[in-house]
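So for the sequence shown, the numbering used here puts the first residue at 78; every next one is plus one. Cβ coordinates follow ideal geometry from the N, Cα and C atoms, glycine included. One structure is given here, and the rest of the page talks about it.
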Amino acid sequence: MSKKKKDKKHPGQKHPGQKQPGQKKTFRGVVELTRSGMAFVIVPGLARDIMVKQKNLNTALDKDEVLVDVIKHGGGDGRQEGVITDILKRNKTEFTGTLQVSKSFGFLITEKGLFMPDIYIPANSLNNGKSGDKAVVKVVAWGEKTRKPVGEVIEILDASDTNDLAMKEILIEAGFPLNFPTEVMNELAGIKEEITDTEVRKRKDCRNILTFTIDPVDAKDFDDAISIRPLKNGLYEIGVHIADVSHYVVPGTELDKEADRRATSVYLPDRVLPMLPEKISNELCSLRPHEDKLTFSAIFQMNEKGEVKHYWIGRTLIHSDHRFTYEEAQEVIETKEGPYEKEILLLNKIAQTLRQERFAHGAINFSSQEVRFKLDEKGKPIGIVVKESKEAHQLIEEFMLLANRTVATYVSKIKVNKQPVPFPYRVHDTPDPDKLKVFAAFASKFGYKFDVSSPESIARSFNRMLQLVQGKPEQHVLETLGIRTMAKAIYTVNNVGHYGLGFEDYCHFTSPIRRYPDVLVHRVVAECLAGNIHPDKQMETKCKHDSEMERKAMEAERAANKYKQVEYMQQFIGHTFEGVISGVAHFGFWVETVDTKCEGLVSIHNLNRKEEFAFNEAEYALVGQASGRRFRIGEKVSIRVVAANLAKRQLDYELDSELATAGREFKPGQRDERREGRRDHKKKKQKHGQQQPWQPREKRPFTPEVPVAPAVSLEIPPEPVVDQVIAETHVVDVTTQPPAAPAPSPAAETAPVKKKKTAKKQTADKAAQADAVPAPVSAEATPAAAPASPGKIKTNTGKKAAETSVQPVMESPAVKKTAKKTAAKAGAKKATEKPVAKAAPAEKKKTVKTAAPKAAAGKATAKAAVKAPAAKTTTAKAATKKAPAAKAPVAKKAAAKKAAVPAKKAAAKKAVAAPAKKAVVKAPAKKAAGKTPAKKAAVKAPAKKAATKAPAKKAAVKTTVAKAPAKKAAAKASAKKATPKKAAAKKKTKK
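Next comes the structure, spelled out in structure tokens:
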């Protein structure tokens, strides 16, 4: 019985317990697709994820929530394998791509997402889309038989507006729909705008109290306002008024369902994707000045010291008297002049008191900066602004925190059937002990001690450190790493308090226009106030969804900011900036520029190519294994911008010191040219990759070629593409001035980079050049544009090899000439190919093999003496080219043993040649760096031996071979090779 039939007849026979249906294990989790097509279902509580093969995905896509059945248990600690049985929730239903339209249907060819099948679109759902159009398509169904997605075009994108296209792709990639469904808009049209007398009577009327808003200059949705008035008892009544969104967004409506799905507004550099349609967010609920608005309020009676004597929570009606921007409010605070300056100054005094008390009671004072872009009318960044948190921001922040905490404390005390009311608390757990331990050890190196004995002592240690570190070089790094040690704040019904703020009870009450949890809070509070509580059993599920959507929104915002950073830095390619190392990984480190706050990656492959670097997690550093050189987070470095890839939203930097040490001249755009050149070269190789059976060439008379000036390559070795891990960047109003562009060197301007030049022509060119220059070439006298220069520019390994190979041997004139020719050949090879480390073993073998014929040169005839060196030179050259191929040395060994069959040997030699050449092109720089000494010896040895032991006649023949075209020389060598080698092998055996 075949293995397949056995498996079908006895499924899972390794685990007999699986046979019974009752013992089948089903889990709920989230799919994570890999680039290979394999998927893993992440199940909370399971030690290892469940592996799912592509054939068992059953239409599940990346980040979908699914049910998975375990079909194979891992032995011991092995991973379980499963099959997806149901899709519970799609991560996203809208996709961007390019349309391909025929007469009766079309397809959307998706560009983002792993293994997303093309979406079938019926003719009536194309929405006038044409082939080649960029479009947004919503998946409306999955075919029952084909299991393929069926969709409809909901928007045709303008491909010429690259900024708009990029921002929309980022939103869709994160799972946020661009438009509101028709049902929502129809429902919205039925909402009444006027405030009825009946509604006014239900609320506390605060319209006669001084009220104002303080918001960013570009804000349109004003969801909070502050009122203030003195009371007869000597206290002040300060009200925090929040837009009453729950009055308009009623549970069960399409509007509420859509707000629940989105969960949050998304703020990109040039736009806002709102959680609620603009009619609600910017009109009905926005607390615009000089308009009556419905609000939900927390009103406090307090003294100038910020002590709350009494509070009231309920629905209100307000009328805003003034709209301040943060800048205007800050000016009033600083100058003590302006509209309502007495009230603003009093509120600021109370806010600063509340702030100090909060830190005294365990809140951690992490400061933050915010990056904003100055955009032109097309959305292109023309400057970067760094905004700091000033007193005007802190004024609003402290009163919002007071309201959030008060509401959460109020609800936490209410019980239903002796159980707490299901309520979306905003919680923040204590720091991760392992991360904290590493951070405390790191901070101690700067002299900051941490007491980790209790959560309270940890908070005190953090605040002490943050206070002492102000203005010091390590401030940024310690603040950044300190935030990373913290747990993530989430929404949940389990009230564990907010560690970072130092509150036992906390929730989000103050931003219902842009956060759905705030809407849920308003509803629960309204029920509590009315004494009519209906516990929501799905509250925890809603909390998890809201936390997840908040994370996605943050990722989208970071991606958009990164896009704008890359777009802005494109104009500075080749420029040098001062920066600070902001993150370290095993493959490199990130540097954030001081002026522009733009973060890019310095790959480990751009560091010293002779040295291996290891990631030291305890020190947050990359450490050189030989020199001990360290690149530690927080250190200042000077970088040069070398690439800005908008498609990948990736900036590539190189250390300016490394470029100077390597002697490389940077040319803007050369990296892209290199990539294109390698791609073209690869395609050419693939096109001509079909090998033809070897045919012996007819002998033709030698015709010397006209000398041509050698090509000079300024290419930098290719670097592996590393997915960049994007670190969080927070950005005082500073507009970056463009630094002066670096002056290109004369060599870079005059020497054209010739990508495609055959080995034949380059060898001839080098030989011709060698003949044209009678004097011996030394390493010290080599000019910048010499033929050996490309090897120096490419890698340090190449540089050393070049220096060694061109050193003259001061003996007889014939010997000098031979050494010069060998150097010319070495230069020709380097100009044609990359430095190859694996060439060393092959060349060493050849040296050993030819030693016997050299020793016995006196016994052999003059003819044999002439032929052997020619064969040796050509063979050594061929070996250098073939060495990187995996099978080349084996093939050569076998060929050497079977020297009696010359034709077979020559054929095998030619058959290996093509793949070997291809392998040479792909050889990584890392390998070349690793094998430097071996290569040095390999290059040096043949030149020395040829110089010292070769007779004058031998050298003369060698010169002739060097002048001949490469292919012709190879053909002659293969014809002559058999007899001398056979003779050499016999002599070696006898000896």
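Assuming the contact rule is C-beta atoms closer than 8 Å, residue i and residue j should be a hit. Round their C-beta distance to whole Å, please.
{"i": "Lys641", "j": "Phe373", "result": "Actually they do not touch by this definition, with Cβ atoms about 36 Å apart."}
{"i": "Val118", "j": "Val160", "result": "The pair is not a contact, with the Cβ atoms about 10 Å apart (cut-off 8 Å)."}
{"i": "Ala520", "j": "Ala695", "result": "About 12 Å separates the two Cβ atoms, so there is no contact after all."}
{"i": "Ala340", "j": "Glu669", "result": "That belief does not hold up - the Cβ atoms of Ala340 and Glu669 are roughly 30 Å apart, past 8 Å."}
{"i": "Phe516", "j": "Gly559", "result": "7 Å"}
{"i": "Ala633", "j": "Ile231", "result": "Not really, about 19 Å apart at Cβ, beyond 8 Å."}
{"i": "Val343", "j": "Leu353", "result": "In fact, because the Cβ distance is near 13 Å, the residues do not count as touching under 8 Å."}
{"i": "Asp141", "j": "Pro589", "result": "Contact flag wrong, Cβ pair sits at about 29 Å."}
{"i": "Val409", "j": "Ile427", "result": "Not confirmed; about 15 Å, so no contact."}
{"i": "Arg392", "j": "Lys279", "result": "7 Å"}
{"i": "Tyr645", "j": "Leu678", "result": "That pair is no contact at about 17 Å."}
{"i": "Met193", "j": "Leu138", "result": "6 Å"}
Please state if the CB of residue j and the CB of residue i are separated by a distance shorter than 7 Å.
{"i": "Val108", "j": "Val143", "result": "yes"}
{"i": "Thr412", "j": "Val294", "result": "no"}
{"i": "Ser363", "j": "Asp321", "result": "no"}
{"i": "Leu479", "j": "Leu424", "result": "no"}
{"i": "Asp595", "j": "His585", "result": "yes"}
{"i": "Ala721", "j": "Leu732", "result": "no"}
{"i": "Glu551", "j": "Phe580", "result": "no"}
In terms of residues, what are the limits of the beta strand (DSSP E) holding residue i?
{"i": "Ile535", "result": "It is not in any beta strand (DSSP E) - Ile535 instead sits in the alpha helix (DSSP H) that spans Pro532 to Leu545."}
{"i": "Asn693", "result": "Phe690 to Asn693"}
{"i": "Met23", "result": "Within the shown structure, residues of the chain are numbered from 78 to 1068, placing residue 23 beyond reach of any answer."}
{"i": "Gln177", "result": "Glu171 to Val178"}
{"i": "Glu581", "result": "Note, Glu581: premise wrong, no beta strand (DSSP E); not H, not E."}
{"i": "Val714", "result": "Lys713 to Asn722"}
{"i": "Glu655", "result": "Thr653 to Ala662"}
{"i": "Ser304", "result": "Asp301 to Pro307"}
{"i": "Arg348", "result": "Arg348 to Leu350"}
Do you know offhand how far residue i's Cα is from residue j's?
{"i": "Ala662", "j": "Leu110", "result": "23 Å"}
{"i": "Tyr568", "j": "Val488", "result": "15 Å"}
{"i": "Leu606", "j": "Leu332", "result": "25 Å"}
{"i": "Met262", "j": "Gly228", "result": "21 Å"}
{"i": "Pro532", "j": "Leu578", "result": "12 Å"}
{"i": "Lys565", "j": "His367", "result": "40 Å"}
{"i": "Met563", "j": "Asp672", "result": "28 Å"}
{"i": "Pro226", "j": "Thr618", "result": "28 Å"}
{"i": "Ala1015", "j": "Phe666", "result": "Per-residue confidence for Ala1015 stands at a pLDDT of 38, beneath the threshold of 50, marking its modelled position as unreliable; the derived number appears in the next sentence. Approximately 35 Å, taken between the alpha carbons."}
{"i": "Glu355", "j": "Pro254", "result": "15 Å"}
{"i": "Ala266", "j": "Leu361", "result": "12 Å"}
{"i": "Val504", "j": "Tyr576", "result": "8 Å"}
{"i": "Asp509", "j": "Val529", "result": "11 Å"}
In this structure, does DSSP put residue i in helix, strand or coil?
{"i": "Asn425", "result": "helix"}
{"i": "Asp733", "result": "helix"}
{"i": "Met262", "result": "helix"}
{"i": "Leu287", "result": "coil"}
{"i": "His611", "result": "coil"}
{"i": "Ile441", "result": "coil"}
{"i": "Lys211", "result": "strand"}
{"i": "Thr430", "result": "helix"}
{"i": "Lys132", "result": "helix"}
{"i": "Ser202", "result": "helix"}
{"i": "Val385", "result": "strand"}
{"i": "Lys451", "result": "strand"}
{"i": "Arg600", "result": "helix"}
{"i": "Phe436", "result": "helix"}
{"i": "Tyr593", "result": "helix"}
{"i": "Lys464", "result": "strand"}
So residue i is in the alpha helix (DSSP H); what residue range does that whole segment cover?
{"i": "Asn638", "result": "Met616 to Met646"}
{"i": "Tyr325", "result": "Val322 to Tyr325"}
{"i": "Arg338", "result": "Glu331 to Arg339"}
{"i": "Thr557", "result": "Gln552 to Thr562"}
{"i": "Phe476", "result": "Glu468 to Ser489"}
{"i": "Thr412", "result": "Tyr403 to Thr412"}
{"i": "Asp511", "result": "Pro510 to Ser521"}
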